[in-house]
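In our numbering, the protein residues as written are 620 to 1082.
Take a look at the structure below.
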Amino acid sequence: MTNDIDTMNKIVSFAKRRGFVFPSSEIYGGFGAVYDFGPYGTELAKNIREFWWKKMVQENDNIVGLDSSIFMSPKVWEASGHVGGFSDPLSECKQCHTRVRVDHLLEDIGVFADEKMTEGEINELLLENKEKLRCPKCGSSNFSEAKSFNLLVQSNLGNFTSDWNKEPTYLRGETCQGIYVNFKNVLDSTRVKVPFGIAQIGKAFRNEITARQFIFRKREFEQMEMQMFVHPDDAMDTYEKWREKRWQYYLEMGIKEENLKWHEHENLVFYAKAAWDIEYKFPFGFKELEGIHARGDYDLTQHAKYSGKKLEYRNPQTGEVFVPHVVETSVGLDRTFLAVLTDAYVEEKLEDGKSRTVLKLPANLAPIKIAVFPLMKNKPELVAKAREVFDELKMKYMCEFDDNGNVGKRYRRQDEIGTPYCITIDFDTLETGVVTVRDRDTMEQEKVNIKELPSYFRDIFDK
Ligand code: GAP
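What follows is the structure, encoded as structure tokens:
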């Protein structure tokens, strides 16, 4: 598939038309950078979460799960550095008052603005490139001075009266802070020993300045993060191991390897020992999908300092006491969703000159696994038999019953949403008990006895 605006527009309209992603509050004109998953999107997102959980928690006996709250003590965000330094450079177009992210504007003309740059340095770049920069809305190159804009989303939780609890509370800006502050709880309540990991999937919120690139950059999004706590001497080996594991994860997920690449961070934050991103070739170019970071002992040390609690580990064999180093893998569910959708979306020319849109999703990610059709909807005996098959299969798989339109149209509908198998019940079925199973990708059809359907699909889906 070509990487261009047309492709992106196609995916956005496809996602809405087929119930994968809707703009939030659309009947009220939408709400910037916030989206809802529709019925099929909800299934796809659930399957992505399940795949990540299986690969990270179920298959690693030294990783345990966590579900921490979205709200945390405001001290957490002070300790983590988010209150002081979690910001993007914001400027306003003096002509039409559109707010822009200066680093993104510069990036669009090939000028790299480093995350660590001061306001002054960013403004120098802004001035130097003034003539080349254009407001995305009105085209003007007249921008206000850039100011640091904090991305944390504030709330008034607990502020019941005007003079009680004046301290702002925040919706979490990343899920990993909930992991760091529960490090001791997990250590004390389970049998984990360093090296061990804590994994969590959950919502995060950021006041992103510009809403763009569909669900790539949302203000409310979901992260799937894992923090591995290791001995300082083992940190870099563990880091390399996880880099490899995370690359393999995407291949196992069915993402085409040519659409993935590594990007090493040019400038590390002062505490980081290494940081690489896995980038995916989105329709708007290669962009960050996942970050893999060696974070040293920064997180536990900061929370120990701000909370006054010891966040250390005592090796039960040697008695050595140390602050574990953290190796983090962090990926957005929404970005994974967009990568999976982009990778799977195919417009195919068929031999008969017609074309079809197919989502070539791996079976485990497909929202609907099996669609069941009676050949005709006005033949009660066919409908009853198809219902019988559907009612049995739905106990194990997400299935859809469809009796609307001709079978060819039903195939196309299921191809579009990525359903790997369709079953048709016809008059032969009533006599022989044999149904037609049609494969989404090859479009080949096979006769299978109803009695054999459970084992037929078990072999396919339980691989
Ligand atoms: N704990 C580390 C951390 O949060 P990050 O690079 O800011 O690092 C990690 O975010 C991942 O979260 C990104 O690689 C991306 O997949 C996802 N992510 C970050 N901001 C996002 C946003 N505004 N919308 C959707 N996904 C986002």
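Just so you know, even glycine gets a beta-carbon here, dropped at the ideal spot from N, CA and C.
The structure displayed is predicted, hence computed values, not measured ones.
Is it right to say residue i is buried, meaning 16 or more other beta carbons lie within 10 angstroms of its own, or is it exposed?
i, result
"residue 969", "exposed"
"residue 757", "exposed"
"residue 914", "buried"
"residue 646", "exposed"
"residue 625", "exposed"
"residue 1083", "This structure cannot settle anything about residue 1083, because the visible part of the chain is limited to 620 through 1082."
"residue 710", "buried"
"residue 1050", "exposed"
"residue 881", "exposed"
"residue 1073", "exposed"
"residue 678", "exposed"
"residue 825", "buried"
"residue 754", "buried"
"residue 1033", "buried"
"residue 721", "buried"
"residue 712", "buried"
"residue 1065", "exposed"
"residue 897", "buried"
"residue 637", "buried"
"residue 842", "buried"
Would residue i and residue j qualify as a contact pair, given that the criterion is a beta-carbon distance under 8 Å?
i, j, result
"residue 821", "residue 847", "no"
"residue 854", "residue 946", "yes"
"residue 890", "residue 698", "no"
"residue 899", "residue 879", "yes"
"residue 1042", "residue 1004", "no"
"residue 978", "residue 1036", "yes"
"residue 696", "residue 771", "yes"
"residue 901", "residue 956", "no"
"residue 990", "residue 1038", "yes"
"residue 919", "residue 935", "no"
"residue 883", "residue 950", "no"
"residue 823", "residue 792", "yes"
"residue 752", "residue 724", "yes"
"residue 952", "residue 819", "no"
"residue 562", "residue 1069", "Nothing can be reported for residue 562, as the shown portion of the chain is limited to 620 through 1082."
"residue 1053", "residue 1022", "no"
"residue 662", "residue 995", "no"
"residue 601", "residue 640", "Missing from the structure shown is residue 601; the chain here goes from 620 to 1082 and no further."
"residue 738", "residue 767", "yes"
On the three-state DSSP scale, how would you describe residue i?
i, result
"residue 677", "helix"
"residue 655", "strand"
"residue 814", "coil"
"residue 620", "With a pLDDT of 46 at residue 620, under the threshold of 50, the modelled position of this residue cannot be trusted; read the value that follows with caution. Correct three-state label for residue 620: coil."
"residue 733", "coil"
"residue 789", "strand"
"residue 807", "helix"
"residue 1013", "coil"
"residue 868", "helix"
"residue 827", "coil"
"residue 664", "helix"
"residue 1001", "helix"
"residue 875", "coil"
"residue 990", "strand"
"residue 820", "strand"
"residue 718", "strand"
"residue 922", "helix"
"residue 685", "strand"
"residue 889", "coil"
Say yes only if the C-beta of residue i is nearer than 7 Å to one or more non-hydrogen atoms of the ligand ZN, and no if none qualify.
i, result
"residue 773", "Only the ligand GAP can be found as ligands here, which leaves the ligand ZN out of the picture."
I need the boundaries of the beta strand (DSSP E) containing residue i, first residue and last residue.
i, result
"residue 707", "706–711"
"residue 749", "Premise fails: residue 749 is in no beta strand (DSSP E) and is neither H nor E."
"residue 1066", "1064–1068"
"residue 1041", "1040–1044"
"residue 912", "904–915"
"residue 974", "974–978"
"residue 900", "893–901"
"residue 724", "Run containing residue 724: none in the beta strand (DSSP E); it sits in the alpha helix (DSSP H), 721–727."
"residue 650", "Here residue 650 belongs to no beta strand (DSSP E), and DSSP marks it neither H nor E."
"residue 1057", "1053–1058"
"residue 642", "640–642"
"residue 590", "There is simply no residue 590 to check, as the chain begins at 620 and stops at 1082 in what is shown."
Start and end of the alpha helix (DSSP H) containing residue i?
i, result
"residue 1027", "1026–1036"
"residue 884", "No alpha helix (DSSP H) contains residue 884, which DSSP labels as neither H nor E."
"residue 799", "795–799"
"residue 1079", "1072–1080"
"residue 693", "693–699"
Check: Going along the chain, which unbroken runs of the beta strand (DSSP E) with 3 or more residues stay wholly within the region 833–860?
Finding: 839–849
Next item on the list: Enumerate, from N- to C-terminal direction, the unbroken beta strand (DSSP E) stretches of 3 or more residues contained entirely within the region 933–971.
Entry: 944–951, 964–968
Note to self: Which runs of the beta strand (DSSP E) at least 3 residues long sit entirely within the region 752–776? Give them in chain order.
What the structure shows: 766–769, 772–774
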